[in-house]
Every structure is written in structure tokens, then in C-alpha cells.
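These notes concern the structure reproduced below.
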Amino acid sequence: MNIIRKCFATIRDREKLYEIIFGTDTPAGKAFDILVMVSIILSIAISIVGTKLMALNFEWMGTVLMIMEAFFMVFFTIEYLLRLYCTPRWKDYAFSFFGIIDFLATFPAYLVFCLPAAQYMLLLRAFRLIRVFRIFKLFSFMNEGYLLMESLRRSAKKISVYFLFVIVLVIAIGTLMFIVEGGTPHSQFTDLSTSIYWAIVTLTTVGYGDITPVTSLGRFLSSLVMILGYTIIAVPTGIVSASIIDTTKEKARDNKCPRCNAEVKPDDNYCHHCGEKL
Numbered sequence: 620m621n622i623i624r625k626c627f628a629t630i631r632d633r634e635k636l637y638e639i640i641f642g643t644d645t646p647a648g649k650a651f652d653i654l655v656m657v658s659i660i661l662s663i664a665i666s667i668v669g670t671k672l673m674a675l676n677f678e679w680m681g682t683v684l685m686i687m688e689a690f691f692m693v694f695f696t697i698e699y700l701l702r703l704y705c706t707p708r709w710k711d712y713a714f715s716f717f718g719i720i721d722f723l724a725t726f727p728a729y730l731v732f733c734l735p736a737a738q739y740m741l742l743l744r745a746f747r748l749i750r751v752f753r754i755f756k757l758f759s760f761m762n763e764g765y766l767l768m769e770s771l772r773r774s775a776k777k778i779s780v781y782f783l784f785v786i787v788l789v790i791a792i793g794t795l796m797f798i799v800e801g802g803t804p805h806s807q808f809t810d811l812s813t814s815i816y817w818a819i820v821t822l823t824t825v826g827y828g829d830i831t832p833v834t835s836l837g838r839f840l841s842s843l844v845m846i847l848g849y850t851i852i853a854v855p856t857g858i859v860s861a862s863i864i865d866t867t868k869e870k871a872r873d874n875k876c877p878r879c880n881a882e883v884k885p886d887d888n889y890c891h892h893c894g895e896k897l
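If you count by the numbering used here, then the sequence shown holds residues 620 to 897, one letter each, in order.
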């Protein structure tokens, strides 16, 4: 009874409930987040194991897993409603990234009664595992995260142009291979889209082997595309690596950290937020 009274008292105190659900600095907040994490992992495991048991026709185990999934469905529904209840501005949470993920991870469970295929949307709960970085305060990873995100942002235009070049290249290679192999008996290059698909698979060095040239000229062209694929893959890596080096060497400007853009003082040697050397 005392536990139930404490729970209701906590629910009435919105500020305390907010600190437990959204915060990670208190023992109760850490325990709540760990409970959510364990529930997420178990519910995902149930979804995966359930599909396997359905394929093996283990109906009695399927019933047990359905009961367990119903329990987690109620748990995540209550959790989502409590988050909406305790947050000062519920719209900010509801339309945030994690708010939308929480909704999509909860609402489809009720669609299962009308649309059985909706159960597979429950796997969206995996996105919520990102919160593990808030729980365990992995600041050692956050510093590298800022570096990587900033490098990708700076490389976005170059990579976009490069990606466009690769698209044009695979279309040209696919068209050329279709011209070479298209009219050959027993050829698998039956149309232009198939030839472009082959060019993508070959240029990326995946090489499924489901489509192969039969003529000598086609095989020679295929060999050139395979060799070209090694250089094609290395280019984006070089672009991002160069950007990482530039970002690492950049100094603070306008009293802002070059890594995380946080405010710093002119005499600071390190950023107080991400630890970057200034």
C-alpha cells in the first residue's frame, strides 16, 4: 500500500515526475531509464522470436509471447501518457524526434487488432535505445560525435556532387553494357534497367553474380568497372577524412568552440562542454 501511495504522490507532483522520467541525474531517474531500456530490449526480442515461432507453428509459445507483448504494450502506453502529462510543453515533446518515435512505437500496437501486419512497426522501439548515451553519460564518445557530425556537415556538398557523378556514371556504364550485351543470345542484359542494376552492383564491388556478361568485350568492360570500383569507394572516405583533419586543426572563432559551437572564454584552453582543445 505504501508503494502505491508513493506512486500516486509522485504522479501528482509533476516536477518530480518530470525529473524522474526525463532526467538522469537522480537514482530514480537512472532506474526508470534502465527499466525502459530493459523493456524495449525484451519487447523487441519478443517480436523477433514471435515471428520465428509462428514460422515453426509453436502456437502455445506464441500465446505466451502475445500475453507478454500485451503487458509491454500497456507499459509503453502508460509511459508515453506520463511523458505528455509531466512535460511543461507537451507539444514540444510530442512533435520532437523522440516523441514521434515513442508514439510510433506505441500506437501501432493497437492497430494489430485491425491490421495484423502492423506488429512489425513495433521494431521502431530500437531507435529509443539511443537514450543510452544520456543514461551512462558517455561524454568520451560525445566529443568524437561532434567531430564526425561537423565533418559530415562540411563534406555534404562535395559528397552530394560526387554522388551525382556516380549516378551518371552507373547509367552510362549500364547503357554501354546493354549496347554490348543486349542483342547477344542467352544474354541476361534484357533491358536497360537490368544493365544499370548490374553496373551498380559491379561498381560498388558487391558482385552478386546473378547477372554476368557472355561476350569477350562485355567481360573486358566488366573487368574495367570492377577495377574502377575500388577507386570510386575510396573517394568519399578521403573527403570526410580531410574534413575531419581540418575540423580538428581549426581554432576557436568568435568565442565559440569549433567542435560543438558552444560559448567559450578567450583564455580557455579547452571547451567546457565537449573537451575540445582550443
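Think of the CB as a built atom: it goes at the ideal place given N, C-alpha and C, for glycine as much as any other residue. On a predicted model such as this, the values are computed, not experimentally measured, just so you know.
Of all the options the options, which has the alpha carbon lying nearest to the alpha carbon of residue i?
{"i": "T682", "options": "F722, S666, D632 and M768", "result": "S666"}
{"i": "V657", "options": "F695, V859 and L767", "result": "F695"}
{"i": "V833", "options": "Q807, I819 and L723", "result": "Q807"}
{"i": "G793", "options": "L703, L843, D865 and L771", "result": "L843"}
{"i": "S770", "options": "A689, A647 and I863", "result": "I863"}
{"i": "L684", "options": "S662, V780 and I640", "result": "S662"}
{"i": "G837", "options": "T803, A861, Y699 and I846", "result": "T803"}
{"i": "I846", "options": "T824, D865 and D829", "result": "T824"}
{"i": "T813", "options": "I830, G826 and V799", "result": "I830"}
{"i": "D865", "options": "T809, I786 and R772", "result": "R772"}
{"i": "T725", "options": "V693, H805 and S779", "result": "V693"}
{"i": "G848", "options": "Y637, P646, I653 and L788", "result": "L788"}
{"i": "A689", "options": "G828, Y729, D652 and H805", "result": "Y729"}
{"i": "S860", "options": "F839, T645 and L766", "result": "L766"}
Excluding the 5 residues flanking residue i on each side, which residues of the same chain have their C-beta closer than 7 Å to its C-beta?
{"i": "I790", "result": "I815"}
{"i": "V854", "result": "Y781"}
{"i": "M687", "result": "I665"}
{"i": "T851", "result": "Residue 851 is actually Ile in this sequence, not Thr. Contacts found: V785 and L822."}
{"i": "E634", "result": "none"}
In this structure, does DSSP put residue i in helix, strand or coil?
{"i": "V751", "result": "Annotation note: pLDDT 48 at V751 (below 50); position unreliable, coordinate value reported separately. Residue state, collapsed to three classes: helix."}
{"i": "P855", "result": "helix"}
{"i": "Y827", "result": "coil"}
{"i": "D810", "result": "coil"}
{"i": "G802", "result": "coil"}
{"i": "P646", "result": "helix"}
{"i": "T821", "result": "helix"}
{"i": "T850", "result": "helix"}
{"i": "F782", "result": "helix"}
{"i": "F839", "result": "helix"}
{"i": "T834", "result": "coil"}
{"i": "F726", "result": "coil"}
{"i": "T706", "result": "coil"}
{"i": "F760", "result": "Since pLDDT at F760 reaches only 49, below the 50 mark, its modelled position is unreliable, and no value is offered."}
{"i": "D632", "result": "coil"}
{"i": "F714", "result": "coil"}
For residue i, is the classification buried or exposed, using 16 other Cβ atoms within 10 angstroms of its Cβ as the cut-off for buried?
{"i": "S774", "result": "buried"}
{"i": "W817", "result": "buried"}
{"i": "T856", "result": "exposed"}
{"i": "G669", "result": "buried"}
{"i": "A664", "result": "exposed"}
{"i": "L654", "result": "exposed"}
{"i": "I639", "result": "buried"}
{"i": "L783", "result": "exposed"}
{"i": "D632", "result": "exposed"}
{"i": "E800", "result": "buried"}
{"i": "F716", "result": "exposed"}
{"i": "F651", "result": "buried"}
Rounded to whole angstroms, how far is the Cβ of residue i from the Cβ of residue j, which I believe are closer than 8 Å?
{"i": "S835", "j": "T821", "result": "Their Cβ separation, rounded to whole angstroms, is 17 Å, which puts S835 and T821 out of contact at 8 Å."}
{"i": "K777", "j": "I858", "result": "5 Å"}
{"i": "Y699", "j": "F722", "result": "7 Å"}
Here's a check: name, in chain order, each residue in its chain whose Cβ is nearer than 8 Å to the Cβ of residue i, leaving out the five neighbours to either side.
{"i": "L811", "result": "G793, T794 and F797"}
{"i": "Y712", "result": "R702, L703, T706 and G718"}
{"i": "S779", "result": "none"}
{"i": "F691", "result": "S658, L661, S662 and I665"}
{"i": "H805", "result": "V833"}
{"i": "T645", "result": "E638 and I639"}
Please list, in chain order, all residues of the same chain as residue i whose beta carbon is under 6 Å from its beta carbon, the five residues on each side excluded.
{"i": "W709", "result": "L703"}
{"i": "I819", "result": "V789"}
{"i": "A647", "result": "I639"}
{"i": "Y827", "result": "V820"}
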